[in-house]
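In full-length UniProt numbering, the protein residues as written are 1 to 142.
We treat Cβ as the ideally placed atom computed from N, Cα and C, and that holds for glycine.
All figures in this text were calculated on a predicted structure; none of them were measured in a lab.
Take a look at the structure below.
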Amino acid sequence: MKQMTVQDVNIGDREVWTRTITDADVVMYAGLIGDRGPLHLDEQFAATTRFGGRIAYGMQCGGYIGATLAQLLGVGSAYVAQNMRFKGPVHIGDRIRVECVVTGKNEERRRVFVDTTVTKNDDEVVVTGDAELVMFDVEWNP
């Protein structure tokens with residue numbers, strides 16, 4: 001993982017991360033957060049809903065955004081804020097693409113502003129939002 005300062009960050013910097021959502025992803029996330037909702041875990045129940053089958057957790061996509069931001073800005077970054085709008089469901093088997101693009105920064109306050117978007121299956125936007133992160137000067141030698 002890279003080490004960056006706010007001065008190293010440029011408007012337009014971007015990171016893209018892709019993943020196919022699996023049953024194991026959803027089950028492990030459910031265990032991690034303690035939410036056993038049938039919309040996410042019970043195919044029979046989920047099939048009767050407007051989604052037509054099991055879906056990933058919305059905040060699971062939020063976690064993937066966080067991981068992508070960590071790759072974009074490195075070990076010296078931490079969330080200050082994240083806004084998200086859920087536009088559509090992510091089903092098991094969907095291939096998601098997380099894109100984070102730096103849209104601004106405030107060097108004096110060490111803040112970086114990022115637009116965040118998740119699409120599925122190459123074209124359908126399922127999450128939009130923006131994030132604010134603070135940058136720290138750190139030394140990390142794994």
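As a quick exercise: from the options, pick the residue whose alpha carbon is nearest that of residue i.
i      : options                       : result
VAL9   : ALA67, THR49, ARG111          : ARG111
VAL102 : GLU108, ILE96, VAL114         : VAL114
LEU133 : SER77, GLU108, ARG36          : SER77
GLN7   : LYS105, MET59, THR116         : LYS105
GLY12  : PHE136, THR68, THR117, CYS100 : CYS100
THR18  : PRO38, PHE136, THR117, LEU32  : THR117
GLY58  : ARG109, LEU39, MET4           : LEU39
ASP23  : GLU108, GLU43, TYR79          : GLU43
LEU32  : MET135, GLY63, VAL125         : GLY63
ARG95  : VAL125, ASN83, TYR29          : VAL125
Would you tell me roughly how many angstroms separate the C-alpha atoms of residue i and residue j, rounded to the nearest one?
i           : j      : result
LEU72       : ARG14  : 7 Å
ARG97       : VAL138 : 29 Å
GLY34       : LEU41  : 12 Å
residue 149 : GLY88  : Here the chain has residues from 1 to 142 only, and residue 149 is not among them.
ASP25       : TYR79  : 23 Å
GLU108      : ALA70  : 21 Å
GLN82       : PHE45  : 31 Å
GLY37       : ALA131 : 28 Å
ALA30       : THR68  : 21 Å
I think residue i touches residue j, with their Cβ atoms under 8 Å apart; what is that distance to the nearest whole Å?
i      : j     : result
VAL90  : CYS61 : 6 Å
VAL127 : ARG85 : 7 Å
ILE21  : GLY93 : 7 Å
LYS2   : GLY74 : 4 Å
MET135 : THR5  : 6 Å
Looking at C-beta atoms only, is the number of pairs between the segment 105 to 123 and the segment 47 to 57 that lie closer than 8 Å three or more? no
Any beta strand (DSSP E) of 3 or more consecutive residues that is wholly inside the UniProt domain "MaoC-like" (18 to 119): 77 to 86, 95 to 106
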